[in-house]
Amino acid sequence: MTPPERVAAALAALSLPAEVRTFPQSTATAEEAAAAVGCAPGQIIKTLFFLADGRPTMVLMAGDRQVDTAALAEILGVSRKRLKMGTPEEVRQHTGYEVGGVAPVGWPTKPDVVIDDSLRRFATAWAAAGAPNAVFAAGVEALAAAIGGQWAAIAKERA
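Right under this line is the structure:
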């Protein structure tokens with residue numbers, strides 16, 4: 024099963040009605056994905072992988088924001104020094120996806136999930152679907168509920 028097929032299967036298992044769409048061009052960055060689907064960069068969900076004192080942690084962030092790592096560390100109950108962004112190898116090992124295509128569903132094991140409040144600006148947003156040219160649209164609240172996410176204010180505006 025390809026990573027996008029795994030995402031489609033995970034979406035179906037979570038009862039999230041979403042279609043995986045692939046494009047001839049890259050959708051690996053928020054700007055590229057927004058251009059491909061015709062939306063604002065904020066409507067792109069960045070799925071980021073962190074290790075919080077060794078615990079796999081998924082962060083969903085709007086494409087026009089950056090993670091405030093001090094705020095994230097506080098939410099997770101770890102010191103800032105014990106929070107680190109995963110390396111490409113760690114991302115692949117824990118998520119099963121390559122950087123640029125990390126989906127918020129279909130992970131081999133359940134991580135901690137933190138979702139930034141800024142995504143609540145949108146009823147629907149787009150997320151990576153397992154490949155650097157594949158995305159799916161989902162209702163933001165429905166996706167958050169399906170993956171057991173904790174909402175928190177962990178964003179800073181991009182410079």
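Just so we're aligned, residue 24 is where the sequence shown starts under our numbering, counting upward by one. Glycine included, every Cβ here is placed at the ideal spot set by N, Cα and C.
Pick from the options that is closest to residue i, judged by C-alpha positions
i	options	result
Ile170	Thr52, Thr70, Gln48 and Val43	Thr70
Ala41	Ala33, Phe73 and Leu142	Ala33
Ala154	Gly172, Ile177 and Gly124	Gly124
Met108	Thr50, Ala96 and Glu55	Ala96
Arg144	Thr92, Gln66 and Lys104	Gln66
Ile201	Thr80, His117 and Thr110	Since the first residue of the chain shown is 24 and the last is 182, residue 201 is not available in this structure.
Asp76	Ala31, Asp135, Thr118 and Leu142	Asp135
Asp105	Arg78, Glu54 and Lys179	The displayed chain sequence assigns Arg, not Asp, to residue 105. Out of Arg78, Glu54 and Lys179, Arg78 has the C-alpha closest to the C-alpha of Arg105.
Extent of the continuous beta strand (DSSP E) to which residue i belongs
i	result
Ile177	Ile177 -> no beta strand (DSSP E), and no H or E assigned at all.
Arg115	Unbroken run through Arg115 is the alpha helix (DSSP H), Pro111 to Thr118; no beta strand (DSSP E).
Leu221	There is no way to answer for residue 221, as the model of the chain reaches only from 24 to 182.
Lys107	Leu106 to Met108
Coarse secondary structure for residue i, derived from DSSP in three states
i	result
Val261	The chain is shown from 24 up to 182; residue 261 falls before or after that span and cannot be answered.
Thr92	helix
Ala161	strand
Ala36	helix
Val136	strand
Ala41	coil
Ala154	coil
Ala167	helix
Ala31	helix
Rounded C-alpha distance that separates residue i from residue j
i	j	result
Arg29	Gly129	6 Å
Tyr120	Ala126	7 Å
Pro47	Val163	26 Å
Test item: CB-CB of residue i and residue j under 8 Å
i	j	result
Ala161	Ala148	yes
Ala165	Leu39	yes
Phe72	Glu113	yes
Thr52	Asn156	no
Pro111	Gly86	no
Ala140	Ala167	According to the sequence shown, residue 140 is Asp rather than Ala. Going by C-beta atoms, Asp140 is not nearer than 8 Å to Ala167.
Terminal residues of the alpha helix (DSSP H) in which residue i lies
i	result
Val60	Ala53 to Val60
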